[in-house]
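Residue numbers (this note's numbering), protein chains in the order written: chain A, 2 to 344; chain B, 182 to 502. Scroll down for the structure; my scribbles are underneath it.
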């Protein structure tokens, strides 16, 4: 009943394990390359508003994306490029939203990480991230009412969002309703500049699961194998009808809160600790050690990722921005006859 | 047969549940208990699995409704008191209200807010919230004043593809009665002339319609004929009907139970002055609750909100200019 994604028990499982690991790694790589490109474009003055990277959090993020299926629901956090791409987002959607193309899913109305396609299961986050969890609950609740089975929802947040009232309300709600929610908390040691000792006083955020009456798992967020296992198992348990699951990953953000932030506040000793290891480098070492990829293969994969990213960002930069006179940008209701004049 | 404002709200929800499988009701104590005011009495039994108790978590209640609406459902949320919706404010104004504009996907939720003062309610069970919700783009805000409107506008709220804040007034729940439920109604967005008159336009909504009608009776004995406009919905606001009335009377008084700063009465006066200044024979006036929390004691409470007597006094000032 409980399935683990990776933990080969027989020879036949090895190739499935390898294939999943490689698939996950390549989405991590694509996300890292895209994030790096967006950072460059930001520094070149080509992106207005914030740029928020997932550097250091790709192993955790991608484990969600590869664990989800079509029709599942995903409410990412701002560092989930890898998970978004592995779930169902296109590089072009991401590029268009950061670069303000009117052809992207948000059409210039909202930007950067505030993108999504709710009809395809990607929720478009508001900035108050804890508020997304109960929206995932609502989607799952509706599906149960309509007799749709076998889908799950994943909501993501950092250590900071766990302090909000909406986090608590939504976790308690999911537990009461026994919804197939997987809550993934990336404890990256800082909420913007605030360290965890000013954020919570429990031993680990995973201890909160006990209070909600749901299972909780703690995982090394720098280790792709561990993330695939733990997140995969949590998703499988939720999908099997075992109710909400909490996953808390320990890791370190390897960049500022956004690209405007030099993150001088991050303790050097944390950077030097196991938490500060780069999940990409660890994954590459593991691929090499397992003989699943050699240096030439790794650089070929990187070149392919770079090609995809360059094509998408070049295309998005050529596209028109929104024209305030071209469509009705000033209608906040879908019911036209209830709109007031915008004189 | 006679039906109260509260029963009309229950009947509208029963009809919505009966006619549309996408409808469900979620709120504190709405299930077997039937709601704090019994607005969902018997519905959990009649519609199993579709009238559900929520934990005391207004933020998560609203979030769940929004998520369900994105999946094609038509949730009705009952906030036990309008005052408690402040806990869900973020979900309503930042999540539901921005959804269509940001994503091009509509968010059809109906949020029922039992509003307004009753004697003894005190600061946290008496508030009227229409002004702050109307301030945000992306919301429809309804304020029914009659049994007929409570019924027809709630059904319309559920049918509207956008988030609707349905402000039902607790003071009207039990004592306001009608002979039967309506079979046809004015659409949302149209104001109603509740009483015809030629000397003063009195624009109001919700429970203040009835105080205003009583004031108009009093003023008639002094020879003044007051026209009372019931806005019905404060967003959208039917400026045309208001201005057409002011064109007939030349005088304007706006009355609301909400606090004075900003709000519906200020909005109505602004629109009339900006679009119909030349129609006015006297400076327009407004009357609101006092700018304090809503008091508990009946003596204080009845002096805090506008009443027929204070409305008549305010009207005389406009009429005698």
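No residue lacks a Cβ here, since even glycine has one placed at the ideal position from N, Cα and C. Just so it is clear, the structure is predicted and the values come from calculations on it, not from any experiment.
Per DSSP, residue 453 (chain B) forms a beta bridge with which residues?
DSSP, once it has assigned bridges, lists no residue as partnering residue 453 (chain B).
Simplified DSSP state of residue 372 (chain B), which is helix, strand or coil
Correct three-state label for residue 372 (chain B): coil.
Could one say the Cβ of residue 108 (chain A) lies closer than 9 Å to chain B's Cβ atoms, at least one of them?
yes
Going by beta carbon distance, what residues of the same chain come within less than 8 Å of residue 391 (chain B), once the five residues before and after it are set aside?
326, 353 and 357
In this structure, does DSSP put residue 217 (chain A) in helix, strand or coil?
strand
By the 9 Å beta-carbon criterion, what residues does the stretch 117-140 of chain A contribute toward chain B?
117, 118, 119, 120, 124, 125, 127, 128, 129, 131, 132, 133, 134, 135, 136, 137, 138, 139 and 140
Taking Cβ-Cβ distances shorter than 9 Å, what residues in chain A pair up with residue 254 (chain B)?
139, 142, 143, 146 and 147
Return the CA-CA distance between residue 363 (chain B) and residue 333 (chain B), expressed in angstroms with no decimal places.
Going from the Cα of residue 363 (chain B) to the Cα of residue 333 (chain B) covers about 7 Å.
Touching or not, the stretch 247-255 of chain A and the stretch 85-104 of chain A, by the rule of three or more beta carbon pairs under 8 Å?
no
Quick check on residue 150 (chain A): does DSSP put it in helix, strand or coil?
coil
Are the Cβ atoms of residue 160 (chain A) and residue 192 (chain A) separated by less than 9 Å?
yes
Three-state class that DSSP yields for residue 363 (chain A) in the structure shown
Given a span of 2 to 344 for chain A in the structure shown, any question on residue 363 (chain A) remains unanswerable.
9 Å is my cut-off, CB to CB: does residue 15 (chain A) come that close to chain B?
Not an interface residue.
Can you round the beta-carbon distance between residue 157 (chain A) and residue 77 (chain A) to whole angstroms, since I take them to be within the 8 Å contact cut?
Sure, about 5 Å apart at Cβ, within 8 Å.
Straight-line gap, residue 263 (chain A) to residue 102 (chain A) (C-alpha atoms, nearest Å):
28 Å
Closer than 8 Å: residue 490 (chain B) CB and nearest the ligand NAP heavy atom
Absence of the ligand NAP is noted for the structure shown, with no ligands found whatsoever.
To be precise: take each residue of the stretch 234-247 of chain B, compare its Cβ to all Cβ atoms of chain E, and keep it if any distance is under 7 Å. Which residues remain?
Annotation note: the requested chain E is absent from the structure, which comprises protein chains A and B.
List, in order along the chain, the chain B residues whose C-beta lies closer than 7 Å to that of residue 188 (chain A)?
Per Cβ cutoff of 7 Å: no residues; residue 188 (chain A) is ~22 Å from chain B at best.
Is there a Cβ of chain A sitting closer than 9 Å to that of residue 343 (chain B), yes or no?
Yes, contact with chain A.
Just to confirm before moving on: does the CB-CB distance between residue 434 (chain B) and residue 495 (chain B) stay below 9 Å?
yes
Buried versus exposed call for residue 365 (chain B) [16 or more other C-beta atoms within 10 Å across all chains shown]:
exposed
Between the stretch 293-312 of chain B and the stretch 133-140 of chain A, do at least 3 Cβ pairs fall closer than 8 Å?
Contact check between the stretch 293-312 of chain B and the stretch 133-140 of chain A: fewer than three CB pairs, one atom from each, fall below 8 Å, which does not count as touching.
Distance, residue 289 (chain B) Cα to residue 206 (chain B) Cα:
Distance between the alpha carbons of residue 206 (chain B) and residue 289 (chain B) is about 13 Å.
Please state whether DSSP places residue 356 (chain B) in a helix, a strand or coil.
coil
Give, in chain order, every residue of the stretch 284-295 of chain B whose Cβ lies closer than 7 Å to some Cβ of chain A.
284, 286 and 287
Span separating the alpha-carbon of residue 100 (chain A) from that of residue 289 (chain A):
The alpha-carbon atoms of residue 100 (chain A) and residue 289 (chain A) are separated by roughly 36 Å.
Would you say residue 286 (chain B) and residue 120 (chain A) are within 9 Å of each other, going by their C-beta atoms?
yes
Give the C-beta separation of residue 255 (chain B) and residue 221 (chain B) to the nearest angstrom, bearing in mind that I take them to be a contact with Cβ-Cβ under 8 Å.
Their Cβ separation, rounded to whole angstroms, is 15 Å, which puts residue 255 (chain B) and residue 221 (chain B) out of contact at 8 Å.
Residue 383 (chain B) versus chain A: which residues are under 9 Å apart at the beta carbon?
Within 9 Å Cβ-Cβ: nothing; residue 383 (chain B) doesn't reach chain A, min ~22 Å.
Taking 9 Å as the CB-CB cut-off, is residue 351 (chain B) touching chain A?
no
Closest Cα partner of residue 415 (chain B) within the set A:36, A:341, A:24 and A:116:
A:341
Have a look at the DSSP bridge pairing and note the partners of residue 204 (chain B).
DSSP links residue 204 (chain B) through a beta bridge to B:255.
Would you kindly report the start and end of the unbroken alpha helix (DSSP H) that includes residue 269 (chain A)?
269-273
Please state whether DSSP places residue 119 (chain A) in a helix, a strand or coil.
helix
So residue 417 (chain B) contacts chain A; which residues on that side make the cut at Cβ distance below 8 Å?
339, 340 and 341
Exposed unless 16 or more other CB atoms sit within 10 angstroms - verdict on residue 75 (chain A)
buried
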